[in-house]
Amino acid sequence: MLNLRSGRTLYYGKGDVLSYRTFAAPLSVKPIKESPYTGDKNVIFAHNIKFSVSSEELLTSFTEGDNTKVVATDSMKNFILRQTAQYDGSTTEGLLAFLGLRFMETYPHIDAVEMSADRMPFSSVTVAGDSGWTPSQLVFRRSRNEHASVYSKWIRSADGITASEQESALSQIQLIKVSGSSFYGFVRDEYTTLPDSYDRPLYIFLDICWTYEDAEDGMDGSRGRYVPSEQIHDIAHTVFHSHNTPSIQYLIYLIGQRILTVFPQLSGVRFESNNRTWETVVEPADPSSAGVYTEPRPPYGFQGFTMTRDDLEEEEGDE
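By my numbering, the letter at position 146 of the sequence shown is numbered 353, and the numbering carries on one by one without gaps.
1) Using a Cβ-Cβ cut-off of 7 Å (strictly less than) and excluding sequence neighbours within five positions of ARG212, which residues of its own chain qualify?
2) Tell me the rounded alpha-carbon separation between TYR218 and SER261.
3) Alpha carbon to alpha carbon, how far is TYR507 from ASN451?
4) Could you tell me which of VAL488, SER454, TYR419 and GLY307 sits nearest to PHE390, measuring between CA atoms?
5) For MET514, which of helix, strand or coil comes out of DSSP?
6) Starting from the C-beta of ARG477, find all residues in its chain whose C-beta is less than 6 Å away, skip the five residues before and the five after it, and write them out in chain order.
7) Take the Cβ of TRP361 as the centre, count every other Cβ of all protein chains shown within 10 Å, and call the residue buried at 16 or more, exposed below.
8) Going by CA-CA distance only, name the one from ARG483, VAL277 and SER226 that's closest to PRO315.
9) If distances are taken between C-alpha atoms only, which option among ALA232, ILE256, SER242 and SER474 comes closest to LYS248?
10) For the alpha helix (DSSP H) containing ARG542, name the first residue and the last one.
11) Once the 5 residues before and after TRP340 are set aside, which same chain residues still bring their CB inside 8 Å of it?
12) What does DSSP give as the partner residue(s) for GLN381 in the beta ladder?
13) At 3 residues or longer, and completely inside the stretch 241-323: list those beta strand (DSSP E) runs for me, N to C.
14) Write down the C-beta distance between VAL394 and PRO408 rounded to the nearest angstrom, noting that I regard them as a contact closer than 8 Å.
15) Throw me the rounded Cβ distance for the GLN464 and LEU519 pair, which I believe falls under 8 Å.
16) Helix or strand or just coil, what does DSSP make of PHE393?
17) Does DSSP put LEU473 in a helix, in a strand, or in coil?
18) Does the separation of the CB atoms of PHE412 and ILE439 fall below 8 Å?
19) For PHE258, is the classification buried or exposed, using 16 other Cβ atoms within 10 angstroms of its Cβ as the cut-off for buried?
20) Just how far apart, CA to CA, sit PRO505 and ASN481?
21) By the 10 Å Cβ neighbour count, where 16 or more other Cβ atoms means buried, how is HIS448 classified, buried or exposed?
22) Can you check whether the CB of GLN472 is closer than 8 Å to the CB of ARG432?
23) Between the stretch 342-359 and the stretch 238-254, do three or more beta carbon pairs fall short of 8 Å?
24) Determine, using beta carbons only, whether TYR227 and PRO435 come nearer to each other than 8 Å.
25) Which partner residues does ASP325 have in the DSSP bridge list?
26) When you measure from the CB of THR216 to every non-hydrogen atom of the ligand GDP, does any distance come out below 7 Å?
27) ALA376 by DSSP, collapsed to three states: which one?
28) For GLY307, which residues from the same chain have a beta carbon less than 7 Å from its beta carbon, with the 5 sequence-adjacent residues on both sides left out?
29) Just verifying my parser: in three-state terms, what is the DSSP assignment at GLU486?
30) Roughly how many angstroms separate the alpha carbons of TYR419 and PRO238, rounded to a whole number?
31) Would you kindly check if the distance between the Cβ of SER343 and the Cβ of SER331 is under 8 Å?
32) Please state the DSSP three-state secondary structure of PHE347.
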């Protein structure tokens, strides 16, 4: 959070602010070939929000117990919930921008606001009607699969209130590919017990984060340049399905290339992945035969990687 002039770090705030907004503005996005997703009616626009503030004027609340400038975290919670009803946009990025600006306008002694929000996905149930099966626009079920999230930071300066950081993300993706992945040719020495694998079921946990060249493209869905998490996960699915990969590292590189190619409005993409590949109990005779697996032992491998548009330019230069 904010580093004060004294060099101290100071912040406080409220977490797990659960906001279930109904009938937000619908979102419409351009279709891409990797995904059928074209938008969301936003009948349920639900988030788990974490909100914190900083200010030089709050220092005495820590050092002297002076609450004169303290906005109670209960007040923060009420502000978030009530102001969410006033938001007329369609994206999580826009909601956080709206809340941050409104809060700093309401409390001019606050120097910085840092926020994160996890979108809580709800999907329509399918119901029988006179013309067949259709999605209900009244009944929804809570999804426990991957979810979209956003991190945003706003600061006050001589130029006014501005966004200093923003990152969008798709978190807690879990994908298993039963054939078409390998891992071999790695360093072998006295510490190596892992055998070469030329075709393995690869189970990964994955977080994908992306940043815009212009943050306004994420905040305002009506500009036509919004990147929805649904299309991001469909790209990841398509790449994972289509390529035989010799490592998770190469897999996430291919996913990143495709994301940056499809969405030129993005400046970069960042990955955090875990290898949760099952341990083999019964080896299949061939890729389409029966095999039996179990959960891996607790230590797991992980990877982190950041890509920018320079990676695309390097690939084009090699062709």
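Note that the Cβ used here is the ideal one computed from N, Cα and C, for glycine as well. Fair warning: this is a prediction, and the values are worked out from it, not measured in the lab.
Straight from the coordinates:
1) Position 5 of the sequence shown holds residue 212. Same-chain partners within the cutoff: GLU263.
2) Along the sequence shown, read from residue 1 onward, the residue named residue 218 stands at position 11. Along the sequence shown, read from residue 1 onward, the residue named residue 261 stands at position 54. Cα to Cα, the separation comes out at about 5 Å.
3) Mapped onto the sequence shown, residue 507 falls at position 300. Mapped onto the sequence shown, residue 451 falls at position 244. Between TYR507 and ASN451, the C-alpha separation is close to 22 Å.
4) By one-based count along the sequence shown, residue 390 stands at place 183. Of the candidates VAL488, SER454, TYR419 and GLY307, SER454 places its Cα closest to the Cα of PHE390.
5) Looking up residue 514 in the sequence shown gives position 307. The three-state reading of DSSP puts MET514 in strand, counting E and B together.
6) The sequence position of residue 477 within the sequence shown is 270, counting from 1. Contacts found: CYS416 and THR513.
7) What you label residue 361 is simply residue 154 of the sequence shown in a count that begins at 1. So TRP361 ends up on the buried side.
8) Within the sequence shown, numbered from 1, the residue matching residue 315 stands at position 108. For the options ARG483, VAL277 and SER226, the alpha carbon positioned closest to that of PRO315 is the one of VAL277.
9) Your numbering for residue 248 matches position 41 in the sequence shown. Ranking the options by Cα distance to LYS248, first place goes to ALA232.
10) Residue 542 falls outside the range modelled here, since the chain spans only 208 to 526, and no answer is possible.
11) For the purposes of this step, residue 340 is taken as residue 133 along the sequence shown, with counting starting at 1. Counting only residues of its own chain and dropping the five nearest sequence neighbours on each side, TRP340 has a CB closer than 8 Å to the CB of THR333 and VAL334.
12) In the sequence shown, the residue the question calls residue 381 occupies position 174. Within the DSSP bridge table, the entry for GLN381 names PHE412 as partners.
13) Segments of the beta strand (DSSP E) lying fully in the stretch 241-323: 251-261.
14) To locate residue 394, count along the sequence shown from 1; it is residue 187. To locate residue 408, count along the sequence shown from 1; it is residue 201. In fact, because the Cβ distance is near 23 Å, the residues do not count as touching under 8 Å.
15) Your numbering for residue 464 matches position 257 in the sequence shown. Your numbering for residue 519 matches position 312 in the sequence shown. Sure, about 7 Å apart at Cβ, within 8 Å.
16) Locating residue 393 in the sequence shown gives position 186, counting from the first residue. In the three-state reduction of the DSSP assignment, PHE393 falls in the coil class, being assigned neither a helical nor a strand state.
17) Residue 473 sits at position 266 when you count from the first residue of the sequence shown. The answer is strand: DSSP assigns LEU473 an E or B state.
18) If you number the sequence shown from 1, residue 412 lands on position 205. If you number the sequence shown from 1, residue 439 lands on position 232. Going by beta carbons, PHE412 and ILE439 fall outside the 8 Å limit.
19) If you number the sequence shown from 1, residue 258 lands on position 51. Result: buried.
20) Position 298 of the sequence shown, counted from the first residue, corresponds to residue 505. Position 274 of the sequence shown, counted from the first residue, corresponds to residue 481. Cα to Cα, the separation comes out at about 12 Å.
21) Reading the sequence shown from its first residue, position 241 is the one you call residue 448. Counting Cβ neighbours within 10 Å, HIS448 comes out exposed, since fewer than 16 surround it.
22) For the purposes of this step, residue 432 is identified with residue 225 of the sequence shown, where counting begins at 1. For the purposes of this step, residue 472 is identified with residue 265 of the sequence shown, where counting begins at 1. Yes, the pair counts as a contact, with Cβ atoms nearer than the cut-off.
23) Of all C-beta pairs linking the stretch 342-359 to the stretch 238-254, three or more are shorter than 8 Å, placing the two stretches in contact.
24) For the purposes of this step, residue 227 is taken as the residue at position 20 of the sequence shown. For the purposes of this step, residue 435 is taken as the residue at position 228 of the sequence shown. Between TYR227 and PRO435, the CB-CB gap reaches or exceeds 8 Å.
25) Within the sequence shown, numbered from 1, the residue matching residue 325 stands at position 118. Paired residue(s): ASN255 and SER356.
26) Absence of the ligand GDP is noted for the structure shown, with no ligands found whatsoever.
27) Position 169 of the sequence shown holds residue 376. Assigned with DSSP and collapsed to three states, ALA376 falls in strand.
28) Residue 307 sits at position 100 when you count from the first residue of the sequence shown. Contacts found: VAL320, MET322, SER359 and TRP361.
29) Indexing the sequence shown from 1 puts residue 486 at position 279. In the structure shown, GLU486 adopts extended strand secondary structure according to DSSP, grouped into three states.
30) Counting from one through the sequence shown, the residue named residue 419 turns up at place 212. Counting from one through the sequence shown, the residue named residue 238 turns up at place 31. TYR419 and PRO238: Cα-Cα distance of roughly 19 Å.
31) The residue given as residue 331 occupies position 124 in the sequence shown. The residue given as residue 343 occupies position 136 in the sequence shown. Yes, the Cβ-Cβ distance between SER331 and SER343 is below 8 Å.
32) One-based indexing of the sequence shown puts residue 347 at position 140. Reduced to three states, the DSSP call for PHE347 is strand.
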